[in-house]
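*Asks:*
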Amino acid sequence: MLTPQLIKTLAKIYRWENQNDEDDGNPEETAVFHRLLDTVRSADANETAHALIKRLGSEKILPGSNETDRTWLVRILAEPGVLPNRLAPDYSILHAFYPYDQIRRYEDELHSRLPARADPVFPASAWHGAPGINEGIVRELTDGL
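For the sequence shown, numbering that gives the first Met the number 0 assigns the number 0 to the initial residue and increments by one for each residue that follows.
#1: With H, G and I counted as helix, E and B as strand and the rest as coil, what does DSSP make of H94?
#2: Name the DSSP beta bridge partners of T38, please?
#3: Quick one: residues in its chain with C-beta nearer than 7 angstroms to the C-beta of L113, no 5 flanking neighbours on either side, listed in chain order?
#4: Give a yes or no on whether the minimum CB-CB distance between N84 and chain B is below 7 angstroms.
#5: Tell me the residue span of the alpha helix (DSSP H) that contains G135.
#6: Quick check: what's the CA-CA separation for Y157 versus E46?
#7: Rounded to whole angstroms, what is the Cα-Cα separation between W126 and S41?
#8: Enumerate, from N- to C-terminal direction, the unbroken alpha helix (DSSP H) stretches of 4 or more residues contained entirely within the region 61 to 111.
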């Protein structure tokens, strides 16, 4: 069902995808990105992805964001392996293909460990504060940003 919040989030994504390819961002956006990475680096060893999403909001790391924005940001950071996970520490869509059945097994394992009301999504839901972020992947993605 398309809620007003979902429509707003999709509009943000549409605007982002239609930006000029020449635009590498501005210093303010780069500063926000670095604050985001520093926030993840400072996570407690047992902090979960859900707790990180809440903390990004309470610490106002991403100005103008809502919980849906922050949830998708954490999911996006987990896919290339910026946020490594405990089930598959070397997981990164940048370096290998993971078939659906393997992803499903990881999600089934997450479901078995979490409360019934939880809605885990691999790989984001398998992240914990330690080891924080994969600095090698960050360097690979940012190329000196």
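Using N, Cα and C, we set each Cβ at its ideal position, and we do this for glycine too.
*Replies:* Taking the structure as given:
#1: Sequence index remark: in the sequence shown, residue 94 carries index 95 (1-based). In the structure shown, H94 sits in coil (DSSP, three-state: anything other than H, G, I, E or B).
#2: The residue given as residue 38 occupies position 39 in the sequence shown. Answer is none; T38 lacks a bridge partner.
#3: What you label residue 113 is simply residue 114 of the sequence shown in a count that begins at 1. Hits under 7 angstroms: P119.
#4: No chain B is present in this structure, which holds just one protein chain.
#5: For the purposes of this step, residue 135 is identified with residue 136 of the sequence shown, where counting begins at 1. Where G135 is concerned, the enclosing alpha helix (DSSP H) stretches over 134 to 141.
#6: Outside the displayed span of the chain (0 to 144) sits residue 157, for which this structure offers no information.
#7: Here the question's residue 126 lines up with position 127 in the sequence shown. Here the question's residue 41 lines up with position 42 in the sequence shown. Computed Cα separation, rounded: 14 angstroms.
#8: 66 to 77
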